[in-house]
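J.:
Protein chains in written order, with my numbering: chain A, 62 to 289; chain B, 1134 to 1252.
Here you go:
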């Protein structure tokens, strides 16, 4: 009975969506605002990657909201998991030598790659969110490979708070001296395709990279602690 | 064939969305419901990306100074999905932590049984 009702409901929704979508065939030209960003994005922001200039510059305030959503999810997860009182000390079997050495060899390389991704966010495909996810995957590797090692919770908290603070402070400086809006690009644009270009975009993307990386690492830390 | 060329990505994306919705509505195991939410999330991301595509388009990243502007795909949905993926991971972790707490409290993940004990 429940399955039939669900199928009927999904069918009705599917017909409605099909009637709406049939007017926008796949591969047709983009929206006006997308055209504007592609035509004017390079001169206005100095970033070669238009997606980055949309995320950090045109919609920077939006991105601050998204980072806040991520922060609230991480805080909610720790609030849900930590309130349970448990101190069951279980003996963890140490991992083998090959696994241990391999993890410790790969860990700095993955961190390095993540840093490369978020520093070059305005030039290549990449950015703070992707680089942060890569950095968190390095911590996941440590947790899975080198059993028994933990990252310091206060340090991830400190990295997270400091990077969030950098984001807001850069935005407020832009409000004060740059233009008349939050997160305006007050630094010189530089030359296109150079690493030190595009004003505040690399600074904010580095802050986002640290924030996302430390938040996801904290989430992994709490979930692994729960599973032990 | 022309129909398939125009709509195949939408069909795939909405296929994922409806599979996820069906799992959320029908399944009684909480872990399966969370998996359904994750599939739904993936379908929505795929739909947003496929709206922004133009045929034979390239990524909206300039490599040389004189690049062809007309063949670049729409950057706005890509910027949206970029953040939505990471937030999806965090929300998935939050849902899983709630599932862990429910399991410790009720010793079951069956939603029907949890509902019986509702206060």
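We treat Cβ as the ideally placed atom computed from N, Cα and C, and that holds for glycine.
Given the structure is predicted, the values throughout are model-derived calculations rather than measurements.
Less than 8 Å between CB atoms is the rule here; does residue 1207/B satisfy it with respect to chain A?
T.: Taking Cβ atoms only, chain A reaches closer than 8 Å to residue 1207/B, which makes this a yes.
J.: I want to see whether chain B comes within less than 8 Å of residue 103/A, judged by CB atoms only; does it?
T.: Judged by the 8 Å Cβ criterion, residue 103/A is in contact with chain B.
J.: Looking only at C-alpha atoms, which of 1151/B, 1140/B and 1144/B sits nearest to residue 73/A?
T.: Comparing Cα-Cα distances from residue 73/A to each of 1151/B, 1140/B and 1144/B, the minimum goes to 1151/B.
J.: Do you know offhand how far residue 1252/B's Cα is from residue 1236/B's?
T.: In this predicted model, residue 1252/B has a pLDDT of only 43, less than 50, meaning its place in the structure is not dependable enough to derive any value.
J.: Could you check the C-alpha separation between residue 1177/B and residue 128/A for me, to the nearest Å?
T.: So the alpha carbons of these two residues sit roughly 20 Å apart.
J.: Tell me whether residue 1194/B sits in a helix, a strand or coil according to DSSP, three-state version.
T.: Residue 1194/B falls in the strand class under three-state DSSP.
J.: So if I threshold CB-CB distances at 8 Å, which residues from the region 1154-1170 of chain B count as touching chain A?
T.: The residues in question are 1154, 1155, 1158 and 1159.
J.: For residue 271/A, is the classification buried or exposed, using 16 other Cβ atoms within 10 angstroms of its Cβ as the cut-off for buried?
T.: By the neighbour-count rule (16 or more Cβ atoms within 10 Å), residue 271/A is buried.
J.: Is residue 217/A buried or exposed, if buried means 16 or more other CB atoms sit within 10 Å of its CB?
T.: By the 10 Å Cβ count, residue 217/A comes out buried.
J.: Curious, which full-length alpha helix (DSSP H) runs of at least 4 residues does the region 92-149 of chain A contain?
T.: Here the runs fully enclosed are 93-106 and 121-143.
J.: For a cutoff of 8 Å on Cβ pairs, would you count residue 1172/B as touching chain A?
T.: Cβ-Cβ to chain A under 8 Å: no for residue 1172/B.
J.: State buried or exposed for residue 100/A, treating a residue as buried only when at least 16 other CB atoms are found within 10 Å of its CB.
T.: Residue 100/A comes out exposed.
J.: Quick one, which residues of the region 209-235 of chain A are near chain B if we go by CB-CB under 8 Å, in chain order?
T.: Taking 8 Å as the Cβ-Cβ cut-off against chain B, none of the residues of the region 209-235 of chain A qualify.
J.: One question on the structure: do residue 276/A and residue 174/A come within less than 8 Å of each other, judged by their Cβ atoms?
T.: Cβ atoms of residue 276/A and residue 174/A: not closer than 8 Å.
J.: Can you find a CB in chain B that lies within less than 8 Å of the CB of residue 287/A?
T.: With 8 Å as the cut-off, residue 287/A counts as an interface residue toward chain B.
J.: Quick one, which residues of the region 117-143 of chain A are near chain B if we go by CB-CB under 7 Å, in chain order?
T.: Here the close residues are 120, 124, 127, 130, 131, 134, 135, 137, 138, 141 and 142.
J.: Compile a chain-ordered list of the residues in the region 263-282 of chain A whose CB is closer than 9 Å to at least one CB of chain B.
T.: Listed by position along the chain: 273, 276, 277, 280 and 281.
J.: Could you tell me which chain A residues have their CB closer than 7 Å to the CB of residue 1227/B, listed as they occur along the chain?
T.: In chain order: 134, 137 and 138.
J.: In angstroms with no decimal places, state the Cα-to-Cα distance between residue 116/A and residue 1213/B.
T.: Near 8 Å, if we compare the C-alpha coordinates of residue 1213/B and residue 116/A.
J.: What residues from chain A crowd round residue 1231/B, counting only those whose CB sits closer than 7 Å?
T.: Near residue 1231/B (Cβ distances below 7 Å), the residues of chain A are 141.
J.: Say the cut is 7 Å; is the CB of residue 1208/B nearer than that to a heavy atom of the ligand PLP?
T.: Although the ligand PLP was asked about, the structure shown includes no ligands whatsoever.
J.: Less than 8 Å between the CB atoms is what I'm expecting for residue 280/A and residue 135/A, so what's the real figure, rounded?
T.: The Cβ separation is near 6 Å, so the contact holds.
J.: If you reduce the DSSP assignment to three classes, tell me which class residue 1205/B lands in.
T.: In the structure shown, residue 1205/B sits in a strand (DSSP, three-state: E or B).
J.: Note down, in chain order, every chain B residue with its Cβ under 7 Å from the Cβ of residue 194/A.
T.: Within chain B, the residues near residue 194/A are 1219.
J.: Is there at least one Cβ from chain A nearer than 8 Å to residue 1252/B's Cβ?
T.: With a pLDDT of 43 at residue 1252/B, under the threshold of 50, the predicted position of this residue should be treated as unreliable, though the coordinate-derived value follows. For residue 1252/B, the answer is no, since every Cβ of chain A falls outside 8 Å of its Cβ.
J.: At the level of alpha carbons, what is the spacing between residue 278/A and residue 157/A?
T.: Distance between the alpha carbons of residue 278/A and residue 157/A is about 24 Å.
J.: So, is the C-beta of residue 89/A closer than 8 Å to a C-beta in chain B?
T.: By this cut-off, residue 89/A is an interface position.
J.: Among all the DSSP beta bridges, which residues are the ones paired with residue 1243/B?
T.: 1162/B.
J.: Sort 1211/B, 1228/B and 1224/B by Cα distance to residue 95/A and report the nearest one.
T.: Of the listed residues, the one whose Cα sits closest to residue 95/A is 1211/B.
J.: Quick one: list the residues of chain B neighbouring residue 259/A, beta-carbon separation under 7 Å, in chain order.
T.: The contacting residues do not exist; residue 259/A stays about 12 Å from chain B at best.
J.: Give the interface partners of residue 92/A over in chain B, defined as CB-CB distance under 7 Å, in chain order.
T.: Simply 1207 and 1209.
J.: Check whether the Cβ atoms of residue 260/A and residue 244/A sit closer than 8 Å, and answer yes or no.
T.: Result no, Cβ atoms of residue 260/A and residue 244/A do not sit closer than 8 Å.
J.: Just the C-alpha distance for residue 114/A and residue 228/A, rounded to the nearest angstrom, thanks.
T.: Rounded to whole angstroms, residue 114/A to residue 228/A spans 15 Å at the Cα level.
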